[in-house]
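The structure under discussion appears below in the form of structure tokens.
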Amino acid sequence: MGALQNFEHRLEQAISGAFAKAFRSAVQPVEIAAALQRECGNNAQILSRDRRMVPNQFHVELSQTDLDRLSPYDTAMASDMRDQLQDHAESQGYVFPGPISIGFEAADDLTTGRFRIRSEAQAQAKSNSTQTQVRRATALVEVNGTQHPLHSPAMVVGRGTEADLRINDPGISRRHIEFQVGGSGGELDLRVRDLGSTNGMLVDGHRIAATGLHNGSVVKIGNTTLTVRITAESSQGDADV
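If you want my numbering, it's the 1-based position in the sequence shown plus 71.
This is the structure in structure tokens:
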């Protein structure tokens, strides 16, 4: 209880003044901040004795009236709340899989003064592929809204800097899986294999060490889902950038 009170007190100081006046008769920013803290605690997943992964994407749903009151301040409020949530996470041993995002939106079923929070853990995925390479790829993987081409002979996915596709998910090993790209005579042969990772992988819901893939195959590692897409080959006249 002491930690929660300290958290609320710090946030109340940070967003006093205009924010507090705007919300005097409606939902209070400090209520949202405390709810964000509880959302983390309620959805924490144990990684080790001292580390727990929590959501990093938060959607705050409010009535249209409250949202209209908030809109002049939502950017500044979100920034303050992200800072306070980061401080709280560090004190609790929480780990975010990617950057913290806090968004505000209207919900028709909520009345003035009421709100709710939806959250999810969404890791950041990065590779060195260009947009031209993505457009020209005959096969790619989709990860949290980003696309990454699968090129022969293979692509390693992991959390470490040596991986071809790097995903900032604490549940993923430094070198977790490898997509293998082959085939002949116009036939594409896609496979995936586990590289001895700590947590293994699921392919279309089944825990497996290695298997072939098809269009729409879903590979889950850690808390991240990768969807395989096989596309028609684009024009080879495009130049890489």
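Ideal placement from N, C-alpha and C gives every residue a C-beta, glycine not left out. Please read these numbers as outputs of a predicted model, since none were measured by experiment.
Which one or two residues does DSSP pair with residue i in a beta bridge?
{"i": "G283", "result": "R262"}
{"i": "Y165", "result": "R123"}
{"i": "G253", "result": "D260"}
{"i": "L297", "result": "V214, V290"}
{"i": "P220", "result": "L211"}
{"i": "V274", "result": "H277, V290"}
{"i": "I117", "result": "R123"}
{"i": "I248", "result": "V228, D265"}
Using a Cβ-Cβ cutoff of less than 6 Å, which residues in the same chain neighbour residue i once the five nearest sequence positions on both sides are dropped?
{"i": "N215", "result": "Q193, A196"}
{"i": "G174", "result": "H130"}
{"i": "V227", "result": "A234, D235, R246, E249"}
{"i": "E110", "result": "I188, S190"}
If I measure Cβ to Cβ from residue i and keep anything under 7 Å in the same chain, skipping five residues before and after, which residues do I get?
{"i": "Q128", "result": "S172, S190, E191, Q193"}
{"i": "H222", "result": "V252"}
{"i": "Y284", "result": "Tyr is not the amino acid found at residue 284; the sequence shown has Leu there. Only L261, R262, V263, V299 meet the Cβ criterion."}
{"i": "A208", "result": "P220, L221, T302"}
{"i": "A280", "result": "R264, D265"}
{"i": "G254", "result": "D260"}
{"i": "R153", "result": "I171, I173"}
{"i": "S305", "result": "Per-residue confidence for S305 stands at a pLDDT of 41, beneath the threshold of 50, marking its modelled position as unreliable; no derived number is given."}
Using the beta-carbon count (16 or more within 10 Å), is residue i buried or exposed?
{"i": "G229", "result": "buried"}
{"i": "S119", "result": "exposed"}
{"i": "D179", "result": "exposed"}
{"i": "R278", "result": "exposed"}
{"i": "L297", "result": "buried"}
{"i": "E161", "result": "exposed"}
{"i": "Q108", "result": "buried"}
{"i": "A147", "result": "exposed"}
{"i": "P168", "result": "buried"}
{"i": "D137", "result": "buried"}
{"i": "T295", "result": "buried"}
Between which two residues does the beta strand (DSSP E) holding residue i run?
{"i": "Q128", "result": "128–133"}
{"i": "I173", "result": "172–177"}
{"i": "V228", "result": "225–229"}
{"i": "E191", "result": "186–191"}
{"i": "S198", "result": "196–198"}
Would you mind reading off the limits of the alpha helix (DSSP H) that contains residue i?
{"i": "L47", "result": "Outside the modelled stretch of the chain, which goes from 72 to 312, sits residue 47, for which no answer is possible."}
{"i": "I103", "result": "100–113"}
Assuming residue i and residue j make a contact with CB atoms under 8 Å, what is their CB distance in whole Å?
{"i": "A177", "j": "Q135", "result": "5 Å"}
{"i": "F186", "j": "I243", "result": "Wrong, their Cβ atoms sit about 33 Å apart, outside the cutoff."}
Which residues in the same chain have their Cβ closer than 8 Å to the Cβ of residue i, if we skip the five residues on either side of it in sequence?
{"i": "N114", "result": "V125, P126, S190, A192"}
{"i": "R245", "result": "G229, R230, G231, E233, A234"}
{"i": "R123", "result": "A115, Q116, I117, Q163, G164, Y165, V166"}
{"i": "A210", "result": "P220, L221, V252, L259, L261, V299, R300, I301, T302"}
{"i": "S150", "result": "none"}
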